[in-house]
């Protein structure tokens, strides 16, 4: 645990009993209830990790329990990884390594071995724990100067804009900081761009089929007419259909996910990228390219395609899938002129993340374990670890599916498998049956522009632990 | 300085020279340039407050300067409050008390005595420094458990919803946590409510004249037809006009600021509140009440009116004016059913603040200097201090205006004076002349629903320091 976070003494310790709340009313043996109460108080943040526990004797007295009950409760916590005892210096609560050293959000398996509800509708990860805590500490150290200023929305913290521009430039897409607008996520970026560019609400918008439900929901809320273009992991983008749609229907806007497409995992080849960019230029079509999944390349080593770019292409990105959804930092990369226009949009201030979160993002991007400023940044190091974990989980999930009739193309990246269940199985029915048994999954129609097709598909994220994936597949079969 | 923020050793010290950047290229004496570079590095966050400086000898060697130059630079910093030297334990950089112990954002007067540009268009404050830093520290201590979860948007952190509900209940408006939806600010709250409730974009919306330009911009962006109802600090709301408008034009939505109305400072009396609520109920008019300024009551002691409430009234609030804009935490108080509907709106996730910022808000609301949970919360203590400072600044600004022809009603609360310049002076012309001399102010038409009336009014926020206010009024005259 790094300096600055421990709380060996202080109010947390004095209020230990208070932090536990009304745990006695729970059923079962007292020792088990007490250990559960400690775990819950930590998860709720009432009891900070690093809090030193009072002595066994004090605990027994304060909580009005026998010493034996206290010893049993502490043993349960210690065995489970929630308590660390250093000889001679007492016991300190902490989060178990199995929660902090992984990419799976704890709420996905907080039931442990019990038959708790499993939610596999979200393809999201927990934060990279140690790196995030360290970045948080550094951001807090540097926050004093922010607090004496107004805190009003800006196009982004200068350092963060520089770091993001540098990442694009390193990846071969020359970018100046003035071309970056920091937003509170990729969906916020899309909302702002639509408000600015999609001013005639009857104008149609090209989307992929399937596509990301969050983006479809934003577009539907605007009552935009959606023009779907098929994409599959096996055959990629139907560029002929795209070209026909653009020529025939004259859309001015398209929303595409060329990198580890959500949900199929399809990855657009460099020639197709060039074709799309040329088509956009020829037909004055503005293409919003969602790069949220771009860094989740699970190949060893990663082999990124060039960015889909061009005069009519706007990139949007987010730290939500790569780092953590709770950071709420995303961005738009566009021409500096458009960025200046977007800053004047009344929605921009509301979709601008808090300065502190931008500082945390900058610290996560900046920090390099090596000395000096070489190639790459802190994000590259975090990604190496996360890719390894996700690859293991992807392969575990694939292994579980080998003797089913369900088919899929193993994706080179992203966070989920896109299953074809076969013509006899309807995904919404399967999802409904699974829900009855406590498992929530996302059926194909959720990803369809028309909400009805893709009836035989199911998305299964591999962001869960192998244990949870095993139970989920057992339930589904 | 509280535990957890000092950085007596570590990379910050080792990289001291690096943190300063390329300061030598600046004009003027070296010692002055060096001291300016240290100040700028702190303001930029490159040099965290609390960093221990290397010894004078080391500094001279590392920076390749004479010892005399270093001594002079450090003396300048010390005299200006940027350096604190403890006998025998070296020197530590810090933010001067004149920046941390006030409500004015530093960017408003970073030019110090120089003729820098003055921006009086924003009525915003700096964070309550010590209380905010302490809350930040506690939030970080409690953040470990958040980081192991998904971080996706929720209706709000349970503890924050409880604290906000408790504040309403204490103020006489019984509220359950399920009635609170946490948003990234009051404007975010308004945007979400409009998207949900103002679905027929041609439907007219009642606003005050003048009104808050941020809200007007959001409404205009939707191309909503605005129905202005006059309000003045001296006579309050024109309820007759309001009733006629509601009866005659049949609007379904109104946006009002009954508490220390922005910009006039008008405060709606209890009988008028009841009248508005009754009118809303009678005519199925949903009233969105913006309570952003409510806590900025500058009377001693504060005498809050009852919340404007009723079956058709939705309250929105924000920490931006009371605590800090950079926190980006606001909320909606509505029926639990509407809150549930809003959570399903695709915009909600984008307008939900990061979990860490919600944790900071909860810590700011929670902490009470006294032991135990009595009446009131941490916010009440912060407010007492901020009200005192703002009152002094308001009275200073009022004093500066005594021998001008400009008139105003001294507001009981809020952050600005609403001046009437007289029929011979046009505010936009005055603002243009002021801009030429480096002072930015907001002329009346900015606050008008039709963007043209209120031509003889000017808003002057008293969020600046007395020095800056004095210079601003001198420039304006």
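Protein chains in written order, with the working numbering: chain A, 3 to 479; chain B, 3 to 479. Each residue gets a CB set at the ideal place from its N, CA and C atoms; glycine is no exception. Remember, it's a predicted structure, so these values are computed and weren't measured experimentally.
- Between residue 193(A) and residue 349(B) a beta carbon distance of about 7 Å is seen, short of the 8 Å cut, so the two are scored as contacting.
- Taking a beta-carbon distance threshold of 8 Å, residue 190(A) counts as an interface residue toward chain B.
- The beta carbon of residue 420(B) sits closer than 7 Å to the beta carbons of 235, 265, 266, 267, 410, 459, 461 from its chain, once the five residues preceding and following it are set aside; these are given in chain order.
- Shown here, residue 220(B) sits in a helix according to DSSP, grouped into three states.
- Less than 8 Å separates the beta-carbon of residue 364(A) from that of residue 159(A).
- The beta carbon of residue 356(B) sits closer than 7 Å to none of the beta carbons in its chain outside the five residues before and after it.
- For the region 172-199 of chain A, residues whose beta-carbon sits nearer than 8 Å to a beta-carbon of chain B comprise 186, 187, 189, 190, 193, 197.
- When C-alpha distances from residue 478(A) are compared across 368(A), 45(A), 439(A), 186(A), the shortest belongs to 439(A).
- With a cutoff of 8 Å on beta-carbon distance, residue 76(A) and residue 85(A) are scored as near each other.
- In chain order, 149 make up the part of chain A whose C-beta sits under 8 Å from the C-beta of residue 134(B).
- With contacts defined by Cβ atoms closer than 8 Å, residue 293(B) and residue 317(B) form a contacting pair.
- Note that the region 195-208 of chain B touches the region 247-255 of chain B; at least 3 beta-carbon pairs, one per stretch, sit closer than 8 Å.
- Taking a Cβ-Cβ threshold of 7 Å, the residues of chain B close to residue 131(A) are 149, 150, in chain order.
- Within chain A, not a single residue places a beta-carbon under 7 Å from that of residue 23(B); the smallest gap is close to 12 Å.
- The beta-carbon of residue 329(A) is placed less than 8 Å from the nearest beta-carbon of chain B.
- Residues of the region 41-67 of chain A whose Cβ lies closer than 8 Å to any Cβ of chain B, in chain order: 44, 45, 46, 47, 48, 50, 51, 52.
- Annotation for residue 428(A): 457 place their beta carbon closer than 6 Å to its own, counting only its chain and skipping 5 residues before and after.
- Selection 71(B), 309(B), 46(B), 191(B) evaluated against residue 174(B) yields 309(B) as nearest (Cα-Cα).
- With the rule of 3 Cβ pairs closer than 8 Å, the region 168-185 of chain B does not count as touching the region 144-154 of chain A.
- Between residue 53(A) and residue 91(A), the alpha-carbon positions lie close to 12 Å from each other.
- Distance check between residue 122(B) and each of 134(B), 132(B), 108(B) places 108(B) closest, using alpha-carbon atoms only.
- Only residues of its own chain outside the window of five on either side were considered, and among them 186, 187, 355, 359 have a CB closer than 7 Å to the CB of residue 330(B), listed in chain order.
- In this model, residue 215(B) and residue 189(B) are separated by some 11 Å (Cα to Cα).
- By the CB criterion at 8 Å, residue 231(B) and residue 211(B) fall inside the cutoff.
- Taken through DSSP and simplified to helix, strand or coil, residue 210(A) comes out as strand.
- By the Cβ rule, the region 21-38 of chain B does not count as touching the region 429-437 of chain A, because fewer than three pairs are nearer than 8 Å.
- Excluding sequence positions up to five before and after residue 473(B), its CB lies within less than 7 Å of the CB of 120, all in the same chain and listed in chain order.
- The Cβ atoms of residue 181(A) and residue 321(A) lie no closer than 8 Å to each other.
- Annotation for residue 283(A): 312, 313, 314 place their beta carbon closer than 7 Å to its own, counting only its chain and skipping 5 residues before and after.
- For residue 230(A), the enclosing beta strand (DSSP E) stretches over residues 228-234.
- In the DSSP annotation of this structure, the continuous segment of the alpha helix (DSSP H) that includes residue 160(A) starts and ends at 160-172.
- Counting along the chain, residue 45(A) sits inside the alpha helix (DSSP H) bounded by residues 32-45.
- For secondary structure counted as the alpha helix (DSSP H) over 4 or more consecutive residues, the region 41-107 of chain B holds these complete runs in sequence order: 58-65, 69-81, 99-102.
- Counted as a single uninterrupted DSSP element, the alpha helix (DSSP H) harbouring residue 396(A) occupies residues 380-402.
- Nearest in C-alpha terms to residue 93(B), of all of 72(B), 400(B), 198(B), 133(B), is 72(B).
- In this chain, the alpha helix (DSSP H) harbouring residue 250(A) covers 241-251.
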